[in-house]
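Peer 1: Sharing a structure here in structure tokens format.
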Amino acid sequence: MDLITDQWRTERPELDPTPIGVIGRMGRLSALLDKELKTFFAAHDLETWEFDVLATLRRFGEPYEMSMGALFGNMMVTSGAITNRVDRMAARGLVERCADPGDRRSVRVKLTPEGLRRVEAVVGLHLDNERRLLAPLSEDEHDQLAVLLKRLLLSLGDHA
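The sequence shown begins at 858 in the working numbering and counts up by one.
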């Protein structure tokens, strides 16, 4: 990124290429983090998106279930993607669909005992892995980065 910004400074000195360095690094970081997380979850026989569903259901507490709509709202993906994911995870025995006793038209998604076992076994290891990925930064830098990223996300309309 430094080379690219230096080249632009040479070729077009009237332009400030600073954003290229920031955005480019964030893109590269995103790709590297995605790769690291995919490798980590594969070692635990999970896809990254499967862990996201399991963790979402788990963090909402017992009885570890929620409506499809609530799951959709907490996952930041399309409703079609949630349906597909739930179908695939149900086939693996990680979640089950159940009727909503309060609304017969609605379906709830619930962790199975196997799904709960999986998320409980992996969540602590996942946090350790994320700490490893952030290890080059101090705790204060973690906090500063989180604040800056949140501000940038909010400015771009991400209110999730």
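Backbone N, C-alpha and C fix where the C-beta goes; we use that ideal spot for every residue, glycine too.
Keep in mind it's a predicted model, so treat the numbers as computed, not measured.
In its own chain, which residues sit with a C-beta less than 6 Å from the C-beta of Arg965, not counting the 5 before and 5 after it?
Peer 2: Translated into positions along the sequence shown, residue 965 becomes position 108. Closer than 6 Å at Cβ, skipping near neighbours: Glu922, Ser924, Cys955 and Asp957.
Peer 1: So who's on the other strand from Leu968, going by DSSP bridges?
Peer 2: Here the question's residue 968 lines up with position 111 in the sequence shown. According to DSSP, which records beta bridges pairwise, Leu968 is partnered with Val952.
Peer 1: Is it true that the stretch 986-1005 meets the stretch 928-945, where meeting means three or more beta-carbon pairs spaced less than 8 Å apart?
Peer 2: The stretch 986-1005, when compared against the stretch 928-945, does not touch it at the 8 Å Cβ threshold.
Peer 1: With a cut-off of 8 Å on the beta carbons, I'd call Thr867 and Thr875 a contact; round off their distance for me.
Peer 2: Locating residue 867 in the sequence shown gives position 10, counting from the first residue. Locating residue 875 in the sequence shown gives position 18, counting from the first residue. Incorrect: roughly 15 Å between the Cβ atoms, too far for contact.
Peer 1: Return the CA-CA distance between Leu990 and Arg962, expressed in angstroms with no decimal places.
Peer 2: Here the question's residue 990 lines up with position 133 in the sequence shown. Here the question's residue 962 lines up with position 105 in the sequence shown. Going from the Cα of Leu990 to the Cα of Arg962 covers about 43 Å.
Peer 1: I think Val976 touches Leu911, with their Cβ atoms under 8 Å apart; what is that distance to the nearest whole Å?
Peer 2: As a working note, residue 976 is residue 119 in the sequence shown. As a working note, residue 911 is residue 54 in the sequence shown. Right, the Cβ-Cβ distance comes to about 4 Å (below 8 Å), so this counts as a contact.
Peer 1: Measure from the alpha carbon of Ile877 to the alpha carbon of each residue in Trp906, Trp865 and Pro870, then state which is nearest.
Peer 2: Position 20 of the sequence shown holds residue 877. Of the listed residues, the one whose Cα sits closest to Ile877 is Trp865.
Peer 1: Work out the CA separation of Lys895 and Glu904 for me, nearest whole Å.
Peer 2: Against the sequence shown, residue 904 aligns to sequence position 47. Against the sequence shown, residue 895 aligns to sequence position 38. If I take the Cα positions, the gap works out to 7 Å.
Peer 1: Since Arg915 and Leu982 are thought to touch, with beta carbons under 8 Å apart, how far apart are those beta carbons, to the nearest angstrom?
Peer 2: Sequence index remark: in the sequence shown, residue 915 carries index 58 (1-based). Sequence index remark: in the sequence shown, residue 982 carries index 125 (1-based). With a Cβ gap of about 14 Å, Arg915 and Leu982 do not count as contacting.
Peer 1: Per DSSP, Ser1099 is paired with what?
Peer 2: Only positions 858 to 1017 of the chain appear in the structure, and residue 1099 is not among them; the question remains open.
Peer 1: Smallest Cα separation from Arg988: which of Pro870, Gly959 and Leu890?
Peer 2: Numbered from 1 along the sequence shown, position 131 holds the residue referred to as residue 988. Minimum Cα distance to Arg988 is reached at Leu890.
Peer 1: Tell me, to the nearest whole angstrom, how far the beta carbon of Met932 is from that of Thr913; I am working on the premise that it is less than 8 Å.
Peer 2: By 1-based counting over the sequence shown, the position of residue 932 is 75. By 1-based counting over the sequence shown, the position of residue 913 is 56. Between Thr913 and Met932 the Cβ distance is about 6 Å, and since that is below 8 Å, they are a contact.
Peer 1: Can you give me the C-alpha to C-alpha distance between Thr969 and Val979, rounded to a whole angstrom?
Peer 2: Translated into the one-based positions of the sequence shown, residue 969 becomes position 112. Translated into the one-based positions of the sequence shown, residue 979 becomes position 122. Cα-Cα distance, rounded: 15 Å.
Peer 1: Relative to the C-alpha of Trp906, which candidate in Thr935, Gly959 and Leu1005 has its C-alpha closest?
Peer 2: For this step, residue 906 is matched to residue 49 along the sequence shown. Comparing Cα positions, the closest option is Thr935.
Peer 1: Looking only at its chain, what residues have a beta carbon closer than 7 Å to the beta carbon of Leu946, apart from the 5 residues adjacent to it on each side?
Peer 2: Working through the sequence shown from its first residue, we reach residue 946 at position 89. With the sequence shown as reference, residue 946 is identified as Met, and Leu is not the correct amino acid for it. Same-chain partners within the cutoff: Glu907, Val910 and Val952.
Peer 1: Return helix, strand or coil for Asp957, following the three-state DSSP convention.
Peer 2: Here residue 957 refers to the residue found at position 100 of the sequence shown. Strand.
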